[in-house]
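In my numbering, the protein residues as written are 368 to 623.
Set out below in structure tokens:
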């Protein structure tokens, strides 16, 4: 009994989260069962579950799922790589940051949907356009988070390192990057859902494949159960990615 209470205490947040999901599913099923909302507009959780299984069993979803994963990974990893490099450059060099700050925050504040027509005009409707939208959606949160973390590194640590004649390279690798890990993780957490949103928007408007395209197609053909199945799949993937990032953050902190 004590071990059970200890487990509950340790996993309290997770259990509370699961209980919230269960309550929502019960309410959803009740609304669907009593047809309080037209079934065309809201399918039941059971129907959505059955359609989810069917999508994978028949293989109907695989080409679109592979297309979306490819677009997201290319765009997001490129944003992570360049955001990491330029974030540290702008965070470390004050004059460079002063030059690019207005442009940087101006672009960050611009909704991706506002520049989507321009991207389509430049790159057409192919893979490059969709990767570009994912990249732009993800890049600025990563860059800004890393830049702010590098900029706000403890000055006492920097003075101490310089007093021991540490090189700039050693300062960056031994002090700035380790102290920037929380900012890096925060940037990734913000950028990841933004990148997924960018991917869905891109597929809505530029593609004939991908999960965003399926959402648009199922919505226009009133296949609500399939539409909700795709939406839940995307939401679930976001939760899993965030959990993985949290685990990696804890592991890095523990190792340090």
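We treat Cβ as the ideally placed atom computed from N, Cα and C, and that holds for glycine.
Does DSSP put residue 401 in a helix, in a strand, or in coil?
coil
Comparing the CB of residue 611 with every heavy atom of the ligand HEM, is any distance shorter than 7 Å?
This structure lacks the ligand HEM, and indeed carries no ligand of any kind.
Which of helix, strand or coil does DSSP assign to residue 560?
helix
Less than 8 Å between the beta carbons of residue 431 and residue 592, yes or no?
No; because the gap between Cβ atoms is not below 8 Å, this pair is not in contact.
From residue 617 to residue 555, what does the alpha carbon distance come to, in whole angstroms?
15 Å
For residue 522, name the three-state secondary structure that DSSP assigns.
helix
Could you have a look at residue 575 and say whether DSSP puts it in helix, strand or coil?
coil
Could you check whether residue 409 and residue 400 sit closer than 8 Å to each other, using their CB atoms as the reference points?
No. Outside cutoff.
Classify residue 396 as helix, strand or coil using the three-state DSSP reduction.
helix
For residue 504, I'd like the list of residues in its chain whose CB is within less than 7 Å of its CB, leaving aside the five on either flank, ordered along the chain.
Scanning its chain for C-beta atoms nearer than 7 Å, with the 5 sequence neighbours on each side dropped, one finds around residue 504 the residues 479, 561, 562, 564 and 565, in chain order.
Could you name each continuous alpha helix (DSSP H) segment of 4 residues or more that falls completely within the segment 405-435, going from the start of the chain to the end?
412-425
Is it the case that the segment 580-592 contacts the segment 516-531, given that we only count it when at least three CB pairs across the two stretches are under 8 Å?
no
If you check the beta carbons only, do residue 487 and residue 496 fall under 8 Å apart?
A distance below 8 Å separates the beta carbons of residue 487 and residue 496.
Would you kindly report the start and end of the unbroken alpha helix (DSSP H) that includes residue 313?
One cannot answer for residue 313 here, as it falls past the ends of the chain, which runs 368 to 623.
Just the C-alpha distance for residue 434 and residue 474, rounded to the nearest angstrom, thanks.
27 Å
When burial is assigned at 16 or more other CB atoms within 10 Å of the CB, is residue 386 buried or exposed?
Its Cβ having fewer than 16 others within 10 Å, residue 386 is exposed.
Helix, strand or coil: which one does DSSP assign to residue 493?
Note: residue 493 maps to coil in three-state DSSP.
For residue 552, I'd like the list of residues in its chain whose CB is within less than 7 Å of its CB, leaving aside the five on either flank, ordered along the chain.
Here residue 552 has 612 and 616 as same chain residues with Cβ atoms under 7 Å from its own Cβ, once five neighbours each way along the sequence are excluded.
Taking the C-alpha atoms as reference points, what is the distance between residue 514 and residue 447?
13 Å
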